[in-house]
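Chains as they are written, first to last, in my numbering: chain A, 13 to 179; chain B, 13 to 179. Note that CB positions come from ideal geometry on N, CA and C, so glycine has one too.
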């Protein structure tokens, strides 16, 4: 073993601090299926390709919601704004799943996943495949339906605080 | 072949319009190596895991910069703010690579990729692996070094316009 064979990564704390300086959308991501209904708040969502329309979501495999996301075929990404800030905090915490969902209004998407009413935009998806990277799984999701709330401000998480951005 | 075997995706135009409503950071992503120096502007960057510190970048395989990103082992993600808005537009357009890089100040990162001076945050990375999804490649990048400009505002692209967010 030589020193050169080991990549020297940035320390974990510095990586987290740096990531806090990359602005991210605030998304409440949901799933429903045989493995149960679950949801979490994630900024790690991005567009992959429009052929077929595909986005990805990174999910921590040790989170309470992970089992459902790793098994169910349905995912809905609900991008939210200031009106859902408390809900985003709830879905980012330790509250039981049932209580999280009881705190807002939903309808069932084509995939079966809960679609949040009055989100800025929702992407109802089927999971095309999953790719495990260390502690996380990357879910590649093909988009079945979208719903856009024109004129609704969105939230951005940056420097460990929420910021509103207008359309 | 039955109708049920074909997932019915959202039309491409609707997908793009919906994606425009998911706020994204503005990142000038660079590479350097045997396949040349190249850079592009991307919002499709997100954190994957901190063990080892890893982010991902989605690159259109038909872009002028693609060949370099698909071959070189180095990537630097430079997240920018209002001071680099014109540069982000330049790196998102058709300008020759040499002219793009001549328009700003850079230093060489540990990976060899150009690090943009005065970016909000920079992540100098080695590409750990690539994952092709249709028209795009997802680059999984392990982070070697970061640089953070404390107090610097960042830009967010949302509803097809730039927005400044403060620390």
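Kindly say whether residue 35/A, judged by its beta-carbon, lies nearer than 7 Å to any beta-carbon of chain B. Mapped onto the first chain, residue 35/A falls at position 23. It does; some Cβ of chain B falls within 7 Å.
Cα-Cα separation, residue 27/B to residue 65/A: For the purposes of this step, residue 27/B is taken as residue 15 along the second chain, with counting starting at 1. For the purposes of this step, residue 65/A is taken as residue 53 along the first chain, with counting starting at 1. Near 6 Å, if we compare the C-alpha coordinates of residue 65/A and residue 27/B.
Is the beta carbon of residue 35/A sitting closer than 7 Å to the one on residue 177/B? One-based indexing of the first chain puts residue 35/A at position 23. One-based indexing of the second chain puts residue 177/B at position 165. Yes. Within cutoff.
Using CA coordinates, which residue listed in 175/A, 170/A and 49/A is at the minimum distance from residue 33/A? Looking up residue 33/A in the first chain gives position 21. When each option's Cα is compared against that of residue 33/A, the closest is 170/A.
What does a CB cutoff of less than 6 Å around residue 39/A pick up in its chain, not counting 5 residues either side in sequence? For the purposes of this step, residue 39/A is identified with residue 27 of the first chain, where counting begins at 1. Taken in chain order, the residues that qualify are 54, 57, 89 and 91.
Just the chain A side, please: which residues come within less than 7 Å of residue 148/B by C-beta, in chain order? Taking the second chain and counting its residues from 1, the one referred to as residue 148/B is at position 136. Simply 60 and 61.
Residues of chain B with a CB under 8 Å from the CB of residue 28/A: which are they? Start at 1 with the first residue of the first chain, and residue 28/A comes out as number 16. What residue 28/A touches in chain B: 62.
Closest Cβ-Cβ distance between residue 6/B and chain A: below 7 Å? Nothing about residue 6/B can be read from this structure; chain B reaches only from 13 to 179.
What ranges does the beta strand (DSSP E) occupy inside the region 89-122 of chain B, keeping only unbroken runs of at least 3 residues that lie completely in it? 118-120
If you check the beta carbons only, do residue 136/B and residue 122/B fall under 7 Å apart? Within the second chain, the letter at position 124 stands for residue 136/B. Within the second chain, the letter at position 110 stands for residue 122/B. Against a cut-off of 7 Å, the Cβ pair of residue 122/B and residue 136/B comes out as a contact.
Answer yes or no: do residue 59/A and residue 67/A have a C-beta to C-beta separation smaller than 7 Å? One-based indexing of the first chain puts residue 59/A at position 47. One-based indexing of the first chain puts residue 67/A at position 55. Yes, they are a contact pair.
Sequence-distant residues of the same chain with beta carbon closer than 7 Å to residue 151/A, five excluded per side: The residue you call residue 151/A lines up with position 139 of the first chain. Once the five neighbours on either side are set aside, the close Cβ partners of residue 151/A are 68, 69, 71, 81, 87, 139 and 142.
To which residues of the same chain is residue 147/A closer than 7 Å at the C-beta, ignoring the five residues directly before and after it? Taking the first chain and counting its residues from 1, the one referred to as residue 147/A is at position 135. For residue 147/A, where only same-chain residues beyond five positions count, the Cβ hits under 7 Å are 72, 73 and 74.
Which residues in chain A sit within 7 Å of residue 65/B, going by Cβ to Cβ distance? As a working note, residue 65/B is residue 53 in the second chain. By Cβ distance, chain A contributes 21, 22, 24 and 27.
Could you tell me the distance, in whole angstroms, from the CA atom of residue 17/A to the CA atom of residue 95/A? Counting from 1 along the first chain, the entry for residue 17/A is found at position 5. Counting from 1 along the first chain, the entry for residue 95/A is found at position 83. Low confidence applies to residue 17/A: its pLDDT is 49, below 50, so where it sits in the model is not reliable enough to give any reading.
Measuring straight from C-alpha to C-alpha, what distance separates residue 158/A and residue 85/B? Counting from 1 along the first chain, the entry for residue 158/A is found at position 146. Counting from 1 along the second chain, the entry for residue 85/B is found at position 73. Their backbone Cα atoms lie some 36 Å apart in a straight line.
Excluding the five sequence neighbours on either side, which residues of its own chain have a C-beta within less than 6 Å of the C-beta of residue 93/A, listed in chain order? Residue numbering aside, residue 93/A sits at position 81 when the first chain is read from its first letter. Result list for residue 93/A: 132, 164, 165, 166 and 167, in chain order.
Interface residues of chain B around residue 157/A at Cβ under 8 Å? Your numbering for residue 157/A matches position 145 in the first chain. Going along chain B in sequence order, the residues near residue 157/A (Cβ under 8 Å) are 22.
So with Cβ pairs under 7 Å, would you call residue 100/B a contact of chain A? Here residue 100/B corresponds to residue number 88 of the second chain, with the count starting at 1. Taking Cβ atoms only, chain A never reaches closer than 7 Å to residue 100/B, which makes this a no.
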